[in-house]
Amino acid sequence: MPGSCATAVIAQAAMLVPLPDPLTFEDGASLAHAGLTAAGLARHWPLSEGSAAVVWGAAGAVGRLLVATLAERGVKVIGIASGERIEAVRAAGAAHTVDRSAEDVQAAVRAYTGGRGAAAVFDPVGAETYKLSLSLLARRGCLINYGQLSGDLPSVDMKELMTAGSVFVTKYGPGGAEGPGDMAGLISDALKLAAKRPLTSGVAGRFTLDQAADAYRALDSGANGKVLVIPGGSAL
Ligand SMILES: NC(=O)c1ccc[n+]([C@@H]2O[C@H](COP(=O)([O-])OP(=O)(O)OC[C@H]3O[C@@H](n4cnc5c(N)ncnc54)[C@H](OP(=O)(O)O)[C@@H]3O)[C@@H](O)[C@H]2O)c1
């Protein structure tokens, strides 16, 4: 919640979520926001058991949790990551992985879906991958964008959607949750999954409360992993 970079915070009871046993408070802090996003994304488009979904950034914080959530529901996940990070995607539960730094993503997705394409593509990248993501969809599939890691998003060309197989495009954001109780439920579902599989992404830095400004600077400079502020901790 806003203002939670503090020693003590007052929150609505409905927003609180129990931390499952094997997880540490650092895990909880690292997983909560990504878990909320992943659980919200997973219910944004109906996917039946056995259908195929592509997840870009699958080794990222949101990506790992999204792969695991979809896999748990019997969706055949094709997770895209680069280099050794594909190991984390496998561990999260992907049926197939694609190393975007070494493989032809379009050919791989076509092969893994018997030439049909995927029922959904989850894309946090935006500009750079938009057209490729459309080409990975099966007829009437849906591209769910939830980020713009590569810069401003393109405008939607309705004719292009028809040509791609009468597909759908949507942009997911925090408004996809119904309120504090719904958000807590989504976070709780994600934490339960993280108690079963290795889904926590790396920690880029730990800061004490009096170093909070440095933590925000680390975020601004594009730290690769989660940045944690630990109230009450001694200098780290
Ligand atoms: N809409 C929402 O409610 C919401 C909520 C939370 C986060 N987000 C957004 O979701 C995005 C992901 O967040 P995150 O915390 O999961 O980030 P993250 O941990 O940094 O993971 C993102 C991953 O995307 C991949 N990537 C980066 N640039 C790429 C490119 N040009 N082409 C293909 N893949 C690329 C990278 O993995 P590889 O190099 O291994 O492929 C990267 O690790 C961010 O844009 C964030 O702002 C949105």
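With the first letter of the sequence shown counted as 1, position 170 gets the number 170 in the UniProt record's numbering; the numbers rise by one all the way through.
Cβ coordinates follow ideal geometry from the N, Cα and C atoms, glycine included.
These numbers were taken from a predicted model, which means no experiment stands behind them.
#1: Report all residues from its chain with a CB closer than 7 Å to the CB of T200; omit the five preceding and five following residues, and keep chain order.
#2: Given this structure, state the Cα-to-Cα distance separating V167 from A14, to the nearest angstrom.
#3: So is the beta-carbon of A42 under 6 Å away from any non-hydrogen atom of ligand 1?
#4: Can you tell me where the beta strand (DSSP E) with residue 240 in it begins and where it stops?
#5: Closer than 6 Å: is that where the CB of P124 sits relative to any heavy atom of ligand 1?
#6: What would DSSP say about L65, mapped onto helix, strand or coil?
#7: Mark R207 as exposed unless 16 or more other C-beta atoms lie within 10 angstroms of its C-beta, in which case mark it buried.
#8: Taking 6 Å as the cut-off, is the C-beta of V62 nearer than that to any heavy atom in ligand 1?
#9: Can the beta-carbon of G35 be found less than 7 Å from the beta-carbon of L66?
#10: For A13, report the span of its alpha helix (DSSP H) as first-last.
#11: Taking only the alpha-carbon atoms, compute the straight-line gap between I10 and G179 and give it to the nearest angstrom.
#12: Going by DSSP, name the residue or residues bridged to D99.
#13: Figure out for me which residue from E160, V17, A8, T7 has the closest Cα to the Cα of D182.
#14: When we look at the beta-carbon of K76 and count the other beta-carbons within 10 Å, is it buried (16 or more) or exposed?
#15: Give a yes or no on whether the C-beta atoms belonging to Q106 and S135 are separated by under 7 Å.
#16: If you run the structure through DSSP and keep just helix, strand and coil, what is R140?
#17: Measure the Cβ-Cβ separation of G93 and A68 and say whether it is below 7 Å.
#18: Between which two residues does the beta strand (DSSP E) harbouring K226 extend?
#19: Taking buried to mean at least 16 other C-beta atoms within 10 Å of its own C-beta, is F25 buried or exposed?
#20: Regarding A59 and ligand 1, is the C-beta to nearest heavy atom distance less than 6 Å?
#21: How about I78 and H96: do their beta carbons lie closer than 7 Å?
#22: Thinking C-alpha only, which one of L209, L191, G74 is nearest A39?
Put simply:
#1: D27, S30, L31, A194
#2: 37 Å
#3: no
#4: Outside the shown range of the chain (1 to 236) lies residue 240, about which nothing can therefore be said.
#5: yes
#6: Three-state result, L65: helix.
#7: The question names Arg, but residue 207 is Phe in the sequence shown. Result: buried.
#8: yes
#9: no
#10: Run containing A13: none; DSSP gives neither H nor E here.
#11: Their Cα atoms are separated by approximately 17 Å.
#12: A81
#13: V17
#14: buried
#15: yes
#16: Here R140 sits in strand by DSSP.
#17: yes
#18: 226 to 230
#19: exposed
#20: yes
#21: yes
#22: L191
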